[in-house]
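Participant: Start counting the sequence shown at 1; every next residue gets the next number (the UniProt record's numbering).
Every residue gets a Cβ at the ideal spot worked out from N, C-alpha and C, and that includes glycine.
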Amino acid sequence: MPAKLYCENYEAFNRHPPQARNFDLIGGHISLPILARAAAPEDRFAALLRDPITRFRSAFLHCRRSDEDPETFTSAMRLMRERPLAEFLSDPGAPMEICQQTIVLGFAFDRIYGPEVEQDIFDRARLALEQEGNVFGTTRRLPHFIDTMWARLRLPPLGAAPGSRNACDITAQARDIEEFEASLPQIRTMITMEQALYDIVAGQEIP
1 MPAKLYCENY
11 EAFNRHPPQA
21 RNFDLIGGHI
31 SLPILARAAA
41 PEDRFAALLR
51 DPITRFRSAF
61 LHCRRSDEDP
71 ETFTSAMRLM
81 RERPLAEFLS
91 DPGAPMEICQ
101 QTIVLGFAFD
111 RIYGPEVEQD
121 IFDRARLALE
131 QEGNVFGTTR
141 RLPHFIDTMW
151 ARLRLPPLGA
161 APGSRNACDI
171 TAQARDIEEF
181 EASLPQIRTM
191 ITMEQALYDI
201 VAGQEIP
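1. Which residue's Cα is closest to the Cα of Ala46: Arg55, Glu194, Asp147 and Gly114?
2. DSSP three-state label for residue 213, please.
3. Going by other Cβ atoms of all chains shown within 10 Å of its Cβ, with 16 needed for buried, is Asp110 buried or exposed?
4. Taking 8 Å as the cut-off, does the segment 67-84 touch the segment 39-56 (at least 3 CB pairs, one atom from each stretch)?
5. Excluding the five sequence neighbours on either side, which residues of its own chain have a C-beta within less than 8 Å of the C-beta of Ile200, listed in chain order?
6. In three-state DSSP terms, what is Phe60?
7. Cβ atoms of Ile30 and Val104: under 9 Å apart, would you say?
8. Report the option in Pro18, Glu194 and Leu61 whose CA atom is closest to the CA atom of Lys4.
9. How many Å lie between Ala202 and Tyr6 at the Cα?
10. Take Arg175 and list the residues in its own chain whose beta-carbon comes closer than 6 Å to its own, dropping the five residues that flank it on each side.
11. Can you look up Arg50 in the DSSP assignment and give me helix, strand or coil?
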């Protein structure tokens, strides 16, 4: 990549939409509806979805790692770090964190988030999945997704695949893992929208 583009949040992106360049976009979460406003008509989008429970578990453990800098966290991540998980799950911001993949694909941040807008968010996300030319996949078929994108972008042959890295120390974070497992029943009741979207993408993948 010739340059990296840092956006602290979607508001920064809205204030200063980037020019069409080959950027490595880093920083705060920028949802697809917001990215689409800066896209050309021929532009397409690609996204890789993780299993919803696995993704939220990873986010939770990330927040709890002692060597992470809370100054780089969103407000929801700081709450997960500072409060018991069961208490965080009762916070109004918890559903957005738990269903973050659906939020990123379907929420334009043009209204206050609440249960009354979830169906519209889900419908927008599903429309993105159906848009011709867009590419979506799940991590269970990561090599296939990489091959598809490599061919679509007409990139030179890929060398050896990079090794996977797991930053979680299961011994050091044993208590955090136990805390997460104890909250799983409640988490499952809150993640239905995210799970439904993931299941659509997983069902469209070639076995």
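Facilitator: Quick answer:
1. In the sequence shown, counting from the first residue as 1, residue 46 sits at position 46. Among Arg55, Glu194, Asp147 and Gly114, the Cα nearest to that of Ala46 is on Asp147.
2. Any answer about residue 213 is impossible in this case: the structure gives the chain only from 1 up to 207.
3. Sequence index remark: in the sequence shown, residue 110 carries index 110 (1-based). Classification of Asp110: exposed, given that the 10 Å Cβ count is below 16.
4. With a cut-off of 8 Å, the segment 67-84 and the segment 39-56 do not count as touching, because too few Cβ pairs lie within range.
5. The residue labelled residue 200 in the question sits at position 200 within the sequence shown. Taken in chain order, the residues that qualify are Arg126 and Leu129.
6. Counting from 1 along the sequence shown, the entry for residue 60 is found at position 60. In the structure shown, Phe60 sits in a helix (DSSP, three-state: H, G or I).
7. In the sequence shown, residue 104 corresponds to position 104, counting from 1. In the sequence shown, residue 30 corresponds to position 30, counting from 1. Between Val104 and Ile30, the CB-CB gap stays under 9 Å.
8. Within the sequence shown, numbered from 1, the residue matching residue 4 stands at position 4. The residue with the shortest Cα to Cα distance from Lys4 is Pro18.
9. Counting from 1 along the sequence shown, the entry for residue 202 is found at position 202. Counting from 1 along the sequence shown, the entry for residue 6 is found at position 6. The straight-line gap from Cα to Cα measures roughly 31 Å.
10. On the sequence shown, residue 175 is found 175 positions in, with the first residue counted as 1. Excluding positions up to five away in sequence, the list is empty.
11. Stepping through the sequence shown from its first residue, residue 50 is reached at position 50. Of the three classes helix, strand and coil, the one that applies to Arg50 here is coil, per DSSP.
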